[in-house]
Amino acid sequence: MALINIENSISYRLVKGEIRILRKNPWVRPFLRYIMEHPNAKEKEISRDLFCDNGNARANAVKNILFFFEQEGLLESSPSFGYNLTNEGVKALDSSEIWQGLKGAFQLTLWTPVEDHPYVLDIQPVPEQWYDNGRNDLQEFPESYGKNIENVQLASNKIKLDVIGERYRPTFINTEYKASIKSNGEVSISAKSTVKGFKPFEVKFKVDKEVKSALIDEDEEDF
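Residue 54 in UniProt numbering is what sits at position 54 of the sequence shown, and the numbering runs on without skipping anything.
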């Protein structure tokens, strides 16, 4: 494992758009487990058993939850067999994580170790006024980034960029990084900042041979 200095290849971009973040939700596991064990349960039964009420108070809420889970691909239903967990539903049951959609302004942390090889290390919601009234001029993303910067690689599989505007506002976040790379190309990066509201993050991902060779000597041994 070799330590690497990434500060000089980090940039920060304020953008507007729509994203999804995979986050833990305390209700996901008990709800999906109940559905798995009671595939033909009705809304009132679920409401009564999970919320310990008379079955009527939260029946509409349960209906909305079931609809949401179907839309997210966690459940599928049929008149004959009731509800069934999909593969994504089983993953959510195991992890207690569910995709949460967010819309507004965001701060992107970009790492570009090699030209034309940018990585999104992190994305965090910020006040829209940061984007609207920032001191730096708005700029356009390079065409090579693609629509919704789809050509930029995501370091985390817990982030999805659905809609990202074509223009960004450069910014700076005072951040402390620790980064290392293994001989197999696995990079580990952690970051923390004293900026109010900035959440620390840690990502692990693999880079290709071109990036790896730019970061470490091919003759170095992994230790």
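Even glycine gets a Cβ: it sits at the ideal position worked out from N, Cα and C.
When the beta-carbon positions are compared, L93 and R13 stay at least 8 Å from each other. In the three-state DSSP reduction, S11 falls in the strand class (E or B). Contact annotation: E97 and R20 have beta-carbon atoms that are not nearer than 8 Å.
A direct Cα-Cα distance of roughly 15 Å separates F106 from F201. With respect to the 8 Å criterion, L154 and I181 are not classified as neighbours on the basis of their beta carbons. About 6 Å separates the beta carbon of N174 from that of S193, a gap short enough to meet the 8 Å contact definition. A residue is called buried once 16 or more other Cβ atoms fall within 10 Å of its Cβ, and S78, having fewer, is exposed. Excluding sequence positions up to five before and after R58, its CB lies within less than 7 Å of the CB of S47 and F51, all in the same chain and listed in chain order. The alpha-carbon separation between F69 and N157 amounts to approximately 20 Å. Around the beta carbon of F67, fewer than 16 other beta carbons lie within 10 angstroms, which makes this residue exposed.
In this structure, the beta-carbon distance from E186 to K206 falls below 8 Å. Close CB contacts of K199 within its chain, under the 8 Å cut and outside five residues either way in sequence, are with Q124 (chain order). Boundaries of the beta strand (DSSP E) around D122: Y119 to V126. Counting every other CB atom within 10 Å of its CB across the protein chains shown gives L3 a total below 16, marking it as exposed. For Y145, no alpha helix (DSSP H) encloses it, and the DSSP letter there is neither H nor E.
Judged by their CB atoms, V15 and G165 are nearer to each other than the 8 Å cut-off.
Here L161 is not near G73, since their CB atoms are 8 Å or more apart. DSSP, reduced to helix, strand and coil, places K192 within a strand of the structure shown. In summary, G89 is buried, with 16 or more beta-carbon neighbours lying within 10 Å of its beta-carbon over all protein chains present. Counting along the chain, I35 sits inside the alpha helix (DSSP H) bounded by residues V28 to E37. Linking F141 to W99 through their CA atoms gives a straight-line distance of about 26 Å.
For V211, the enclosing alpha helix (DSSP H) covers residues K209 to L215. Taken through DSSP and simplified to helix, strand or coil, A92 comes out as helix.
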